[in-house]
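Novice: Just so we're aligned, residue 3 is where the sequence shown starts under the working numbering, counting upward by one.
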Amino acid sequence: TQLLIDLPIRLPGGIEYWDFTCSPIRDERGVLEDLLLVGVNVTARVAQHERQKRNVDQAQERVSQMVELHRVSLEVASQLGQDPTKLLRMILGKMVALVQATGGVIWYADRERGDLECVISVGLPRDYMGQAVPRGAGLPGRVAITGESQRVDDYRSYPLRTGEFDDPAFRAVAAVPMQQRNQVIGVIGLVKTAESVTPKYPDEAPPATFSEDDIWLLELFAVQAAHAIENTRTYLDMERAYQQQRALDRQKDDFIARASHDLRLPLTSVVGYLDLALEMLPQARDDDVRHLLQTAADEAQRMKELMDQLLEQARLDDGKREVHLAPVALAEVVKEVVAARRKQVALHGTPYEFTVMVAPDLVVMTDLARLKEILENVLSNAVKYSPKGGQITVEAHGVGAVAEMRISDQGIGIPADAHAQIFERFTRVDSPLASAIGGTGLGLYLARQLAESMGGTIALERSTPEVGSIFLVTLPC
């Protein structure tokens with residue numbers, strides 16, 4: 003009987019594989035006399051078989067990787083509009099496993115500054131959550147700038163490593179960008195330590211570094227991670243824009259209702275008082291007719307102001323209003339506008355006291371017509387929202403290259419939660435007192451647009467309910 007033995011033999015030059023066949027030698031009577039041992043070196047054949055096996059294993063591994071990538075892409079597509087953190091953690095976990103890394107991190111890139119902030123940290127010796135890496139600093143910072151993947155075989159000797167991402171156990175590090183529309187929106191970093199991996203085959207060393215194939219695979223997964231982030235950002239931007247549009251639509255609806263009401267009231271008053279004046283004219287006293295006609299004129303003026311605001315807003319929105327800057331003596335303009343407002347309110351008997359404190363030599367570079375509109379809008383609000391009268395003051399002085407003008411009143415004031423919205427179009431203070439007062443919600447919006455068009459600003463400096471408000475207007479000198 004023959005005996006076949008496959009035997010690996012370790013020699014100084016390496017391992018060789020031999021096939022041994024042992025055959026008995028017998029005499030004429032069948033008695034065993036000797037053994038014939040024949041050895042054949044099959045190292046080349048074994049090596050070829052091993053290569054074929056590894057090729058098959060690698061092909062199967064690549065198929066498994068593509069299957070995982072497909073699963074991830076399906077997950078990304080199904081998670082639209084949801085918090086991507088859980089999905090990104092899953093993607094990072096798969097990346098770590100597929101390239102036999104110890105762990106990894108995901109950094110988001112700040113849209114304005116470009117700095118990186120760690121949002122996910124998995125499997126590393128310490129938690130890097132919240133850790134910031136300045137733009138351009140270290141390996142991840144360089145990837146964020148260049149948009150190209152980088153790998154370091156010996157991170158301990160890497161000269162640009164940064165304290166924001168470092169550990170004595172780090173051996174090999176790879177960083178790949180997450181990009182959308184040629185812009186880096188984040189970076190994924192993976193780490194291997196000396197103890198993190200084991201060889202797949204007995205005769206190979208542990209893969210302690212990242213190969214080109216590893217980088218290729220990581221880049222494919224980074225694309226999916228970028229899609230997850232960008233899908234969420236796009237969804238949130240669209241949702242935000244939709245909500246803003248809905249809010250604007252509601253404001254427009256409210257404005258149309260208010261404008262219709264506010265325009266109808268003075269028009270009705272004008273028609274009514276004129277009809278009454280005509281009926282009373284034959285037997286009426288001059289004072290009675292004058293009072294009726296004055297009331298009609300006041301209501302017509304109020305309607306004119308409303309229409310002026312609507313037309314001015316349309317001109318500003320269409321960009322049809324030109325700016326003509328010229329030196330203007332601020333004191334003269336303020337006195338002129340205040341005098342007109344004082345004359346108008348005096349007819350109603352409400353006790354307003356106007357005070358002007360502007361240096362006669364204060365000159366601003368402005369558009370005269372626009373400056374008057376700003377003053378008229380702010381003073382109109384001061385009068386309108388001070389139903390009991392009181393002190394209205396306009397004071398101005400130069401501060402460096404600008405003039406600061408403050409308009410203060412003793413009116414109903416503005417609640418703190420409304421300060422940020424009062425300069426928005428169609429916005430009015432939501433309070434019982436304010437609701438009883440007519441208006442379009444365009445006055446302060448127009449004042450801001452006009453001021454900014456001339457290189458100036460307008461802001462609510464201070465306001466206290468039932469005490470009054472102070473508005474600050476700045477104009478270039």
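Glycine is no exception: its CB is placed at the ideal position from the N, C-alpha and C atoms.
Everything numeric in this text was worked out from a predicted model, so none of it was measured.
For Met359, count neighbouring C-beta atoms within 10 Å of its own C-beta (all shown protein chains included) and say buried if the count is 16 or more, exposed if not.
Specialist: Met359 should be labelled exposed.
Novice: Report the CB separation of Met97 from Gly106 in whole angstroms; it is logged as a contact under 8 Å.
Specialist: Indeed, because the Cβ distance is near 6 Å, the residues count as touching under 8 Å.
Novice: Of the choices Ala46, Asp29, Leu38, Ile27, whose alpha-carbon is the least far from that of Trp20?
Specialist: Comparing Cα positions, the closest option is Ala46.
Novice: Beta carbon of Ile93, beta carbon of Gly188: below 8 Å?
Specialist: No; because the gap between Cβ atoms is not below 8 Å, this pair is not in contact.
Novice: Could you pull the DSSP bridge partners for Ser471 from this structure?
Specialist: Beta-bridge pairing links Ser471 to Ser465.
Novice: What's the gap between the Cα of Pro142 and the Cα of Ile190?
Specialist: Taking the straight line joining both Cα atoms gives about 8 Å.
Novice: Starting from Leu89, follow the alpha helix (DSSP H) in both directions and report where the run begins and ends.
Specialist: Its alpha helix (DSSP H) spans residues 87-100.
Novice: Can you list, in chain order, the stretches of the beta strand (DSSP E) that have 3 or more residues and sit fully within the region 364-391?
Specialist: DSSP runs (the beta strand (DSSP E)) wholly in the region 364-391: 365-368.
Novice: Less than 8 Å between the beta carbons of Ala398 and Cys479, yes or no?
Specialist: No, they are not a contact pair.
Novice: Considering only their Cβ atoms, is the gap separating Asp411 from Ile394 smaller than 8 Å?
Specialist: A contact, by the Cβ cut-off of 8 Å.
Novice: If contacts are defined as beta-carbon pairs under 8 Å, then Phe212 and Arg153 qualify, I think. What distance do you get, rounded to the angstrom?
Specialist: About 5 Å separates the two Cβ atoms, so the contact holds.
Novice: Use the C-beta contact count for Met240: other C-beta atoms within 10 angstroms, 16 or more gives buried, fewer gives exposed.
Specialist: Met240 should be labelled exposed.
Novice: Once DSSP output is grouped into helix, strand and coil, what is the label at Pro208?
Specialist: Reliability fails at Pro208, whose pLDDT of 48 lies under 50, so the model's placement of it is uncertain and the value that follows must be treated cautiously. Three-state result, Pro208: coil.
Novice: Could you check the C-alpha separation between Gly400 and Tyr244 for me, to the nearest Å?
Specialist: Each residue's Cα considered, the two are about 43 Å apart.
Novice: So is Gly445 buried or exposed if we call it buried at 16+ other beta carbons inside 10 Å?
Specialist: With 16 or more other Cβ atoms within 10 Å, it is buried.
Novice: Might you give, ordered along the chain, the residues of its own chain that have their beta carbon closer than 6 Å to the beta carbon of Asp205, omitting 5 neighbours on each side?
Specialist: Below a pLDDT of 50, predicted positions are generally treated as unreliable, and Asp205, at 49, falls in that range; the measurement from the model is reported next regardless. The answer is none, since no qualifying residue turns up.
Novice: Please confirm whether Leu474 and Glu463 have their CB atoms less than 8 Å apart.
Specialist: Yes, Cβ-Cβ distance for Leu474 and Glu463 is below 8 Å.
Novice: Give the range of the beta strand (DSSP E) segment to which Tyr481 is assigned.
Specialist: Summary: the structure shown does not reach residue 481, with the chain confined to residues 3 through 479, and so no result is reported for it.
Novice: In this structure, does DSSP put Thr352 in helix, strand or coil?
Specialist: Note: Thr352 maps to coil in three-state DSSP.
Novice: Grouping DSSP H, G and I as helix and E and B as strand, with all else coil, what is Glu406?
Specialist: In the structure shown, Glu406 sits in a strand (DSSP, three-state: E or B).
Novice: Within a Cβ cutoff of 6 Å, which residues of the same chain sit near Val366, ignoring the five residues on either side of it in sequence?
Specialist: Only Val330, Leu332, Ala405, Leu477, Cys479 meet the Cβ criterion.
Novice: Kindly indicate which residue of His293, Ile409, Gly140 has the alpha-carbon position closest to the one of Phe356.
Specialist: Taking only the C-alpha atoms, the option nearest Phe356 is Ile409.
Novice: Indicate the three-state DSSP secondary structure (helix, strand or coil) for Arg183 in the structure shown.
Specialist: Arg183 falls in the coil class under three-state DSSP.
Novice: Is the separation between the beta-carbon of Met456 and that of Thr368 shorter than 8 Å?
Specialist: In this structure, Thr368 lies closer than 8 Å to Met456 by Cβ.
Novice: List the DSSP bridge partners of Arg153.
Specialist: DSSP, once it has assigned bridges, lists Ala176 as partnering Arg153.
Novice: Would Tyr203 be called buried (16 or more neighbouring beta carbons within 10 Å of its own) or exposed?
Specialist: With a pLDDT of 49 at Tyr203, under the threshold of 50, the modelled position of that residue is not reliable, and no figure is offered here.
Novice: Gln181 to Asp156, Cα distance in whole Å?
Specialist: The alpha-carbon atoms of Gln181 and Asp156 are separated by roughly 26 Å.
Novice: How far does the beta strand (DSSP E) with Glu454 in it extend, from its first residue to its last?
Specialist: Taken as a continuous stretch (DSSP letters only), Glu454 belongs to no beta strand (DSSP E), being part of the alpha helix (DSSP H) at 445-455.
Novice: Using the C-alpha atoms, what's the distance from Gly392 back to Thr466?
Specialist: If I take the Cα positions, the gap works out to 15 Å.
Novice: Per DSSP, what kind of secondary structure is Thr357 in: helix, strand or coil?
Specialist: In the structure shown, Thr357 sits in a strand (DSSP, three-state: E or B).
Novice: In three-state DSSP terms, what is Tyr244?
Specialist: Three-state result, Tyr244: helix.
Novice: Could you pull out every residue in the same chain whose Cβ sits closer than 8 Å to the Cβ of Asn184, ignoring the five residues on either side in sequence?
Specialist: Same-chain partners within the cutoff: Gly149.
Novice: Which stretch, first to last residue, makes up the alpha helix (DSSP H) that contains Leu141?
Specialist: Unbroken alpha helix (DSSP H) run through Leu141: 140-148.
Novice: Can you check whether the CB of Val380 is closer than 8 Å to the CB of Arg343?
Specialist: For Arg343 and Val380, no; Cβs fall outside 8 Å.
Novice: Which residues in the same chain as Gly95 place their Cβ atom closer than 7 Å to its Cβ, once the five residues preceding and following it in sequence are excluded?
Specialist: So the qualifying residues of the chain are Val124.
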